[in-house]
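Number of protein chains: 2
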Amino acid sequence: MIYNISDRMKDLQPSAIREIFKFLSDPTIISFAAGNPAPEAFPIDIVRQISAEIFSEEPVNALQYSLTEGYPPLRALLKNMLATDNRFNAERDELIITAGAQQVMDLTAKVLTNEGDTVITENPSFIGSLNTFRSYRLNLRGIDMDDEGIDIAAFEQAIKEKKPAFVYLIPNFQNPTGNTTSLKRRKEILNVASKYEVIILEDNPYGDLRFDGEHIPSLKELDTEGRVIYAGTFSKTLAPGLRVGFMSAPNDIVQKAVVALQTSTVHTNIWAQLLTYRFLGKVDYITHCKNLSQIYKKKCNLMLSELDKQVSREIVFTKPQGGLFLWGSLPHGDMNAFCLEAVKNKVALVPGTAFLADEKGSTLSFRLNYSTPTDEQIINGVKLLGDTAKQLGYGY
Amino acid sequence: MIYNISDRMKDLQPSAIREIFKFLSDPTIISFAAGNPAPEAFPIDIVRQISAEIFSEEPVNALQYSLTEGYPPLRALLKNMLATDNRFNAERDELIITAGAQQVMDLTAKVLTNEGDTVITENPSFIGSLNTFRSYRLNLRGIDMDDEGIDIAAFEQAIKEKKPAFVYLIPNFQNPTGNTTSLKRRKEILNVASKYEVIILEDNPYGDLRFDGEHIPSLKELDTEGRVIYAGTFSKTLAPGLRVGFMSAPNDIVQKAVVALQTSTVHTNIWAQLLTYRFLGKVDYITHCKNLSQIYKKKCNLMLSELDKQVSREIVFTKPQGGLFLWGSLPHGDMNAFCLEAVKNKVALVPGTAFLADEKGSTLSFRLNYSTPTDEQIINGVKLLGDTAKQLGYGY
Chain A
0 MIYNISDRMK DLQPSAIREI FKFLSDPTII SFAAGNPAPE AFPIDIVRQI
50 SAEIFSEEPV NALQYSLTEG YPPLRALLKN MLATDNRFNA ERDELIITAG
100 AQQVMDLTAK VLTNEGDTVI TENPSFIGSL NTFRSYRLNL RGIDMDDEGI
150 DIAAFEQAIK EKKPAFVYLI PNFQNPTGNT TSLKRRKEIL NVASKYEVII
200 LEDNPYGDLR FDGEHIPSLK ELDTEGRVIY AGTFSKTLAP GLRVGFMSAP
250 NDIVQKAVVA LQTSTVHTNI WAQLLTYRFL GKVDYITHCK NLSQIYKKKC
300 NLMLSELDKQ VSREIVFTKP QGGLFLWGSL PHGDMNAFCL EAVKNKVALV
350 PGTAFLADEK GSTLSFRLNY STPTDEQIIN GVKLLGDTAK QLGYGY
Chain B
0 MIYNISDRMK DLQPSAIREI FKFLSDPTII SFAAGNPAPE AFPIDIVRQI
50 SAEIFSEEPV NALQYSLTEG YPPLRALLKN MLATDNRFNA ERDELIITAG
100 AQQVMDLTAK VLTNEGDTVI TENPSFIGSL NTFRSYRLNL RGIDMDDEGI
150 DIAAFEQAIK EKKPAFVYLI PNFQNPTGNT TSLKRRKEIL NVASKYEVII
200 LEDNPYGDLR FDGEHIPSLK ELDTEGRVIY AGTFSKTLAP GLRVGFMSAP
250 NDIVQKAVVA LQTSTVHTNI WAQLLTYRFL GKVDYITHCK NLSQIYKKKC
300 NLMLSELDKQ VSREIVFTKP QGGLFLWGSL PHGDMNAFCL EAVKNKVALV
350 PGTAFLADEK GSTLSFRLNY STPTDEQIIN GVKLLGDTAK QLGYGY
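Protein chains in written order, with my numbering: chain A, 0 to 395; chain B, 0 to 395.
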């Protein structure tokens, strides 16, 4: 039989990253391609204990249907946590629990866009979100970045030209580049957004994992006008398998997001919500995140120092202040050939093209993940990367 | 600020049923309005034990990112279970795990429809699915039913007129009517679908909860042409809070559904998938479902006999052979006024209008749920329903 696939899905390809998961069953390949939190960062003992408590104290609550908006005590707790720095504004905002931050992207696109609308993004940006937007038949306009974030003149120009439905930004330790948008640039972004009445979707999955430099206020925190939708998640600070994230946004938007959520997943797995709630009551979350950040700092520094020792100096790498990723750029040559050669040498990277707003664009860059591999894998994998660079003629 | 809500969400209202949840905090109201499985049907001890095993044996697997398609051993097990009666055809189909059956409706609409397409449904039908289809800006064409299912002549006429993207059907113990489509009618439906090359989305959340009459093969089982998408769930046979369902469908459709799933929830909560897998290995699922069915049989029979004793004979109720719902119909008068009077009398029903494909349509019917209330609540609630009928002048 021939099946008539919708226009929105006909040409949409699986995420290169999710697809890479399938090849990771080859145990001889060292993967710098995933974006998994370090397994040693999972608070397994606490989670085990909390789960036992849930099934001892409130088993029916953990199994029965629950509210679409999310578990009320978890919502209240998060509102309180986020209100301290205005990431939740009680007079203006609502907060709901989602199946990871990815569902916030889905709900935002569903609620705020019509087919053919434009979304402005950083270029490169997170492929998962780009594909979400593509699945709504949105046109993506990527804005190139420098070390401080997106180019403001190009941003303003794009807004004038395209009148976007919203702007999607990852200001902290961006996926894939590892770069952080400076405070000055954040303020400039908000000024331009305000001038043209544009909504911003701020994705902050890594914000709690800063291991270097000073905290920079989020766009949501700096926003005084109710134009920022904030996507948060516990995927990187508790466990991604739980699929627990949240949306903190102006109430008018959230109310529609609730209706959209009803029509897709009904509500987020309730055991995972109970678990997250109890977890936040049991640990000092700030200390917990600081401890996690130290794990990632160590891994990041190890990868950077090995890259410095083992890999051609012609290849330039970013130096993230947090998060899970860094970004390598070739001086010349063929990035896809480089990634292909690397995987033949048993080390997997993600080609930078996966992250471009324009699917037909080209880049000399690729993404490296340091959170998933062990220290030994980092050392050995970077060595293989160095070999690859040598084979392809990059100078040391 | 003014937010530009998308055309698809602008007029979509929250599901009346999900909204009713919010009022159930009034402990003096007896609710026949929900659709929750009976809490006493949850296998709490087994679930507690399995969850402890998971965190003792494979805690990282329960917390880490997993495959979008779902946990491979669970998929393999379900394929085997469903292959026995051809609900999964290994040569043609694929099977993926979703966040409940509702996500199957979402993925199907996303993959198979463009805005403005028509979906044919039973009339009335499950509001959750109708709203999913509405959220994709699909036109709904409802086909009225008799005791054996949809009117075949009207069905064929609608297909000829509307060339639907697909047909959505709940053949077993339908929500909201409790009616079951006969074998003869199922075959007629498939014949018509075959004649006009139409895809069918079969939603079977209650199929394992038959407590009366003989098993009838599913449309998926009867289909020889690969035109049925099958939506299954463990919400009614294990626990709805887990949000574990599945889609068994032709591979071409499932591959696109995987891409769509990547862009919304990434993957289904993995602990819940591990739990479901281990649960199916630990219990005899058929016996488990038979035991559950007896709980619902008892509740259904109690409600029916109380309705018979307490409520005006002018009001007619369906006699379901399984599932969670029955359907009452007034001979005349104002159904909304009846439901309003009932809730004033402290018993909650769902007005039948909530389930109409045409939101502006009218009906004299309402839905009753017997799975959630206790026996005592059934007896007392039906008494209040009888009082309501008397107040409104229906004869005994």
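Even glycine gets a Cβ: it sits at the ideal position worked out from N, Cα and C.
For residue i: DSSP bridge partner residues
i: ARG209 of chain A; result: A:GLY321
i: TYR295 of chain A; result: According to DSSP, which records beta bridges pairwise, TYR295 of chain A is partnered with nothing at all.
i: PHE316 of chain B; result: B:GLY327
i: MET246 of chain A; result: A:ILE95, A:ALA230
i: ASP145 of chain B; result: B:GLY148
i: THR366 of chain B; result: The amino acid at residue 366 of chain B is misidentified as Thr; the sequence shows Arg. ARG366 of chain B is bridged to B:TRP326, B:VAL349.
i: ILE199 of chain A; result: A:VAL166, A:VAL227
i: GLU121 of chain B; result: B:ILE142
i: ILE29 of chain A; result: A:VAL346
Integer-rounded CB distance, given that residue j should sit under 8 Å from residue i
i: ASP84 of chain A; j: PRO216 of chain A; result: 7 Å
i: THR131 of chain B; j: ALA100 of chain B; result: Actually they do not touch by this definition, with Cβ atoms about 11 Å apart.
i: ILE96 of chain A; j: THR267 of chain A; result: 5 Å
i: ALA248 of chain A; j: ILE28 of chain A; result: In fact, because the Cβ distance is near 40 Å, the residues do not count as touching under 8 Å.
i: SER292 of chain B; j: ALA259 of chain A; result: Contact flag wrong, Cβ pair sits at about 34 Å.
i: ILE4 of chain B; j: LYS255 of chain A; result: 6 Å
i: GLY327 of chain A; j: ALA98 of chain A; result: GLY327 of chain A to ALA98 of chain A, Cβ: 32 Å. No contact.
i: ALA356 of chain A; j: LEU129 of chain A; result: 6 Å
Proximal residues of chain A, C-beta to C-beta of residue i below 8 Å
i: TYR2 of chain B; result: LEU111, ILE198, PRO249, ASP251, ILE252
i: ILE43 of chain B; result: PHE54, PRO58, VAL59, LEU62
i: VAL166 of chain B; result: Result: empty, since nearest Cβ-Cβ is about 14 Å, beyond 8 Å.
Closer than 8 Å at the beta carbon, the chain B residues around residue i
i: ARG226 of chain A; result: MET0
i: ALA347 of chain A; result: Going along chain B, no residue has its Cβ under 8 Å from ALA347 of chain A, so there is no contact; the nearest lies around 15 Å.
i: LYS161 of chain A; result: Those do not exist, as LYS161 of chain A stays about 14 Å from chain B at its closest Cβ, beyond 8 Å.
i: GLU114 of chain A; result: GLU114
i: GLY148 of chain A; result: Within chain B, no residue comes near GLY148 of chain A; the closest Cβ sits about 24 Å away, beyond 8 Å.
Closer than 7 Å at the beta carbon, the chain B residues around residue i
i: GLU220 of chain A; result: None at all; the shortest Cβ gap to chain B is about 17 Å.
i: GLN376 of chain A; result: Per Cβ cutoff of 7 Å: no residues; GLN376 of chain A is ~16 Å from chain B at best.
i: PRO38 of chain A; result: VAL59, GLN63
i: ASN416 of chain A; result: Since the first residue shown for chain A is 0 and the last is 395, residue 416 of chain A is missing from the structure and cannot be characterised.
i: THR11 of chain A; result: The sequence given here has Leu at residue 11 of chain A, not Thr. In chain order: VAL258.
i: ALA353 of chain A; result: Chain B residues near ALA353 of chain A: none, gap ~13 Å exceeds 7 Å.
i: LEU73 of chain A; result: Here the premise fails: no neighbours, minimum Cβ distance about 14 Å.
Beta-carbon neighbours of residue i, restricted to chain A and to distances below 7 Å
i: ASN379 of chain B; result: Within 7 Å Cβ-Cβ: nothing; ASN379 of chain B doesn't reach chain A, min ~21 Å.
i: PRO372 of chain B; result: By Cβ distance, chain A contributes nothing, its closest Cβ being about 14 Å from PRO372 of chain B, past 7 Å.
i: LYS255 of chain B; result: ILE4, MET8
i: ALA51 of chain B; result: ALA51
i: ASP105 of chain B; result: THR262, SER263
Contacts of residue i in chain A (Cβ-Cβ under 9 Å)
i: GLU90 of chain B; result: Residues of chain A passing the Cβ test: none, with the nearest at roughly 13 Å.
i: SER30 of chain B; result: Simply none; closest approach about 12 Å.
9 Å Cβ cut-off: residues of chain B touching residue i
i: VAL46 of chain A; result: PHE54, PRO58, ALA61, LEU62
**OP:** Inspect the CB distances between the stretch 191-207 of chain A and the stretch 148-161 of chain A and report whether three or more fall short of 8 Å.
**Re:** Yes, they touch.
**OP:** Mind checking the stretch 168-189 of chain A against chain B and listing, in chain order, the residues whose C-beta falls within less than 8 Å of any C-beta there?
**Re:** none
**OP:** Scan the stretch 262-285 of chain B for residues whose Cβ lies nearer than 8 Å to a Cβ of chain A and list them as they occur along the chain.
**Re:** Taking 8 Å as the upper bound on Cβ-Cβ separation, chain A lies near residues THR262, SER263, THR264, VAL265, HIS266, THR267, ASN268, ILE269, TRP270, ALA271 of the stretch 262-285 of chain B.
Original post:
Is the stretch 67-86 of chain B touching the stretch 295-305 of chain B, taking contact as three or more C-beta pairs under 8 Å?
Top reply: Counting Cβ pairs under 8 Å, fewer than three are found: no touch.
Original post:
Would you call the stretch 174-190 of chain A and the stretch 115-133 of chain A touching, i.e. three or more CB-CB distances under 8 Å?
Top reply: Yes, the stretch 174-190 of chain A is in contact with the stretch 115-133 of chain A.
Original post:
Listed in chain order, which residues of the stretch 117-132 of chain B have Cβ atoms closer than 8 Å to some Cβ of chain A?
Top reply: GLY127, ASN130, THR131
**OP:** Identify each residue in the stretch 326-350 of chain B for which the Cβ-Cβ distance to at least one residue of chain A is less than 7 Å, and report them in chain order.
**Re:** For the stretch 326-350 of chain B, the set of positions with a beta-carbon nearer than 7 Å to some beta-carbon of chain A is empty.
Subject >> Cβ pair count under 8 Å reaching 3, the stretch 332-349 of chain B against the stretch 368-388 of chain B >> reply: yes
**OP:** Mind the definition here: the stretch 270-277 of chain B touches the stretch 239-248 of chain B only if three or more C-beta pairs lie below 8 Å; say whether that holds.
**Re:** Taking 8 Å as the limit for Cβ pairs, the verdict is that the stretch 239-248 of chain B does touch the stretch 270-277 of chain B.
Original post:
According to a CB-to-CB cut-off of less than 7 Å, which residues of the stretch 92-103 of chain B neighbour chain A?
Top reply: ALA98, GLY99, GLN101, GLN102
**OP:** Output, in sequence order along the chain, the residues in the stretch 360-371 of chain A whose CB is closer than 8 Å to any CB in chain B.
**Re:** none
Original post:
Contact between the stretch 312-329 of chain A and the stretch 202-211 of chain A: three or more CB pairs below 8 Å?
Top reply: When Cβ pairs closer than 8 Å are counted between the two stretches, the stretch 312-329 of chain A is seen to touch the stretch 202-211 of chain A, the count reaching three or more.
Original post:
What are the residues of the stretch 298-322 of chain B that lie near chain A, defined by any Cβ-Cβ distance shorter than 9 Å?
Top reply: none
**OP:** Kindly confirm or deny that the stretch 55-67 of chain A and the stretch 34-47 of chain A touch, where touching means at least three C-beta pairs closer than 8 Å.
**Re:** no
Original post:
Three or more C-beta pairs closer than 8 Å, one from the stretch 366-381 of chain A and one from the stretch 328-340 of chain A: is that the case here?
Top reply: Contact fails: fewer than three Cβ-Cβ distances are below 8 Å.
**OP:** Compile a chain-ordered list of the residues in the stretch 228-239 of chain A whose CB is closer than 9 Å to at least one CB of chain B.
**Re:** SER234, LEU237, ALA238, PRO239
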